[in-house]
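S.K.: So that we are looking at the same thing, I have put the structure below in structure tokens.
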DNA sequence: TTGAAAGCGCTAACAC
DNA sequence: GTGTTAGCGCTTTCAA
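Chains as they are written, first to last, in this note's numbering: chain A, 427 to 766; chain B, 427 to 766.
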């Protein structure tokens, strides 16, 4: 049986109140008593009962993350890095991280509602925001603390971190155009993901600016997996006037694109240029190393968690919104457009 | 304010005792009362306060997973899949999943101890067991419920799931030998990881069986990242009598190995053969697709979680130990040994 | 079939 | 400075 505050009280002949306050370092307790309590606590190997504390304080010291899984085999390096960022920050600040996995849908939303109502967590972190994101609607209505990685198409009266995907894609387009590319294939994220819109907007706007005609840009929708990058690239390259540059909206799809191209005997970086987005660690060691847009996922996890904790603790009431400026990481997966 | 059991009691003019028992479907409560209670609960939108329940029941309905992170950028598809497997199973069985991230070391062990003593979780899942695994020692001594993915070099008196890595490597060696390879490079996992021993044992034993000399096998230790696969392959290929087959002990390192080889202008699958281990989804869409050993990570997560819950609930007291038989997934990253 | 009473382990308002 | 008392929301004897 674990020692309780009562055992300590008994041992030193004081009340539980005194012990509690000594342990929490209240200043209406004498130094001697505190010392006494601390010693007794150490001897008994006392550790507070978390659930009792939480019940009493009506807070859970827990942050909730519901990972939107897609499919049974959910293998995405993005999430392990994001979770690491959140997890390390949470524990440094004394919070637990409660992770659930749910496919987007009714069950997912029900899980949010339940966690809110049953006081399972003090706040949520939302990831991969969607167009008309019901999660955010629920959270906003409930007044429950949350922060998100990604913006949404509702009123942005909450705290978030996002990277400026529009700008990121403009960098990519500009770079490829400078290399002489005229026909582009785009492997877009699922269109219901909010960041998809920003990225596509960046592409279209920059294309317009550069005088690239709409029919020289073919956009096909992927699902962010390597597999879909592979399959879509095959479609793209099967077209009669196939693109010389393929813009994948994340690194995983870019890897798939490289495989598809290489399988056809094309040399990536000269016969065809391919770009990614995220700059996951793997992208540095692909063949060829991938030109991509940097997105500091670990740090975004850190920041978004930090912001949430500040809100939960009431250390700030202001809405914090951070839009990161992307940078292009040039490696060897792109080269001058081949002669037609 | 969320409705409590008290509100329900007041509303229907019964005591909290009755309500509690009705809600928990005790059979000393009349059907009518139960109906009444359920209706009132629904109307008030009642959801039990988790912390109160947990305090009272002295259990947390929570499973702990402490992910052994390595380095700040922790990007490993292995873990997202493993977490998905555990998470889905846990929630199906009514458990929460508490995830922490800790680099192996004292702080990590301290976290285990604290979580045990403060009743933060009901049991642990251990992943990536190590040689002389202090985590397992702590858990065994404390009598705290846990299961692991991976064996350990102590007395195996606990439940685990593991894949027979020795057998897996024998399959690889056999396959490569049959293709005519005579000189092998091995990119091993960190030697402190328990599975490293099994895999190396498989390689040595099969080599002996096939009459392959020890000096024809160079083993260099990686850290499971793509980067280390890349770097080690460069070392391997810099040797005067370089290997014609490179055996990477996980898929990520195999990808790195492919990049390094390709960067030197070697054709993977003919100039040099490369194998992996894990069969992560990506391995199907690399270029060339990777020959590897299947390891059903999602399903292992499911099983190990299921086993833990059975122990926690006391549904079984027996130790369950599952050793999965691996299978070789032959793709295009290997070919006949080139003429010397 | 139901209610009264106690208690899980902790904190906090208030009194002394 | 320290103790008294109450209570967080729930479950569970025990008695009626």
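Glycine included, every Cβ here is placed at the ideal spot set by N, Cα and C.
Rounding to the nearest angstrom, what Cα-Cα distance links residue 668(A) and residue 611(A) in this structure?
M.R.: 8 Å
S.K.: Taking a cut of 8 Å between CB atoms, which residues from the stretch 646-657 of chain B lie near chain A?
M.R.: 651, 652, 653, 655 and 656
S.K.: Name, going along the chain, the residues of the stretch 516-536 of chain B whose beta-carbon falls closer than 7 Å to a beta-carbon of chain A.
M.R.: 517, 522, 523, 524, 525, 526 and 527
S.K.: Per DSSP, what kind of secondary structure is residue 546(B) in: helix, strand or coil?
M.R.: coil
S.K.: If I measure Cβ to Cβ from residue 752(A) and keep anything under 8 Å in the same chain, skipping five residues before and after, which residues do I get?
M.R.: These residues qualify, in order along the chain: 589, 590, 591, 593, 594, 597, 719, 720 and 721.
S.K.: Could you tell me if residue 765(B) is buried or exposed, where buried requires 16 or more neighbouring beta carbons within 10 angstroms of its beta carbon?
M.R.: exposed
S.K.: On the CB-based measure, 16 or more other CB atoms within 10 Å of its CB, does residue 453(B) come out buried or exposed?
M.R.: exposed
S.K.: First and last residue of the beta strand (DSSP E) that includes residue 488(B)?
M.R.: 488-494
S.K.: Where do the N-terminal and C-terminal ends of the beta strand (DSSP E) with residue 612(B) fall, by residue?
M.R.: Taken as a continuous stretch (DSSP letters only), the beta strand (DSSP E) holding residue 612(B) covers 610-614.
S.K.: Taking Cβ-Cβ distances below 7 Å as the criterion, which residues of the stretch 487-513 of chain B are in contact with chain A?
M.R.: 495, 498, 499, 500, 501, 502, 503, 505, 506, 507, 509, 510 and 513
S.K.: Got a sec? Which residues, its chain only, sit under 6 Å from residue 759(A) by beta carbon, not counting five neighbours each side?
M.R.: 694, 695, 700, 714, 716 and 717
S.K.: Among 534(A), 551(A), 497(A) and 543(A), which residue has its Cα nearest to the Cα of residue 509(A)?
M.R.: 551(A)
S.K.: With which residues is residue 523(A) paired in a DSSP beta bridge?
M.R.: According to DSSP, residue 523(A) shares a beta bridge with 489(A).
S.K.: CA-CA distance, residue 638(A) and residue 644(A)?
M.R.: 12 Å
S.K.: Please identify the residue among 666(A), 655(A) and 623(A) whose C-alpha is closest to the C-alpha of residue 641(A).
M.R.: The shortest C-alpha separation from residue 641(A) is found at 666(A).
S.K.: Return the chain-ordered ranges of every beta strand (DSSP E) run that is complete within the stretch 528-611 of chain B and spans a minimum of 3 residues.
M.R.: 549-553, 572-575 and 585-589
S.K.: So, is the C-beta of residue 757(B) closer than 8 Å to a C-beta in chain A?
M.R.: No, its Cβ sits nowhere closer than 8 Å to a Cβ of chain A.
S.K.: Going along the chain, which residues of its own chain have a beta-carbon closer than 6 Å to the beta-carbon of residue 442(A), five neighbours each way excluded?
M.R.: 431, 432 and 435
S.K.: For a contact meaning CB atoms closer than 7 Å, what does residue 712(A) contact in chain B?
M.R.: 685
S.K.: If we call anything under 8 Å between Cβ atoms a contact, is residue 513(B) one with residue 487(B)?
M.R.: no
S.K.: Compute the Euclidean distance between the alpha carbons of residue 418(A) and residue 678(A), then round it to the nearest angstrom.
M.R.: Only positions 427 to 766 of chain A appear in the structure, and residue 418(A) is not among them; the question remains open.
S.K.: With a 10 Å radius around its C-beta and 16 neighbouring C-beta atoms as the bar for buried, classify residue 482(B) as buried or exposed.
M.R.: With fewer than 16 neighbouring CB atoms inside 10 Å of its own CB, residue 482(B) falls in the exposed class.
S.K.: Within the 8 Å Cβ cut-off, does residue 689(B) reach chain A?
M.R.: yes
S.K.: If I'm right that residue 462(A) touches residue 522(B) with Cβ under 8 Å, what's the distance once you round it to whole angstroms?
M.R.: About 37 Å separates the two Cβ atoms, so there is no contact after all.
S.K.: Is the beta carbon of residue 528(B) closer than 8 Å to that of residue 495(B)?
M.R.: yes
S.K.: Check the DSSP bridge columns for residue 732(B) and list the partner residues they point to.
M.R.: Residue 732(B) is not bridged to any residue.
S.K.: Residue 473(B): which of 457(B), 530(B), 455(B) and 449(B) sits nearest, CA to CA?
M.R.: Nearest neighbour of residue 473(B) by Cα position, chosen from 457(B), 530(B), 455(B) and 449(B), turns out to be 449(B).
S.K.: Contact check, residue 587(A) vs residue 570(A) under 8 Å by CB: the rounded distance?
M.R.: The pair is not a contact, with the Cβ atoms about 19 Å apart (cut-off 8 Å).
S.K.: Run through DSSP, which three-state label would residue 744(B) get?
M.R.: coil
S.K.: Under 7 Å, CB to CB, which of the residues in the stretch 540-552 of chain A have a partner in chain B?
M.R.: 540, 543, 544, 545 and 546
S.K.: Between which residues of its own chain and residue 485(B) is the CB-CB distance below 6 Å, once the five residues before and five after are set aside?
M.R.: 548
S.K.: The alpha helix (DSSP H) that contains residue 753(A), what's its start and end?
M.R.: No alpha helix (DSSP H) holds residue 753(A); DSSP gives it neither H nor E.
S.K.: Leaving out five residues before and five after residue 428(B) in sequence, what residues of the same chain have Cβ atoms less than 6 Å from its Cβ?
M.R.: Counting only Cβ-Cβ distances below 6 Å, and skipping sequence neighbours, we find nothing.
S.K.: If you compare alpha carbons, which of 558(A), 601(A), 740(A) and 600(A) is closest to residue 581(A)?
M.R.: 558(A)
S.K.: For residue 456(B), which of helix, strand or coil comes out of DSSP?
M.R.: coil
S.K.: State the Cα-Cα distance for the pair residue 378(B) and residue 573(B), rounded to the nearest angstrom.
M.R.: Coverage of chain B is limited to positions 427 through 766, which leaves residue 378(B) absent and any answer about it impossible.
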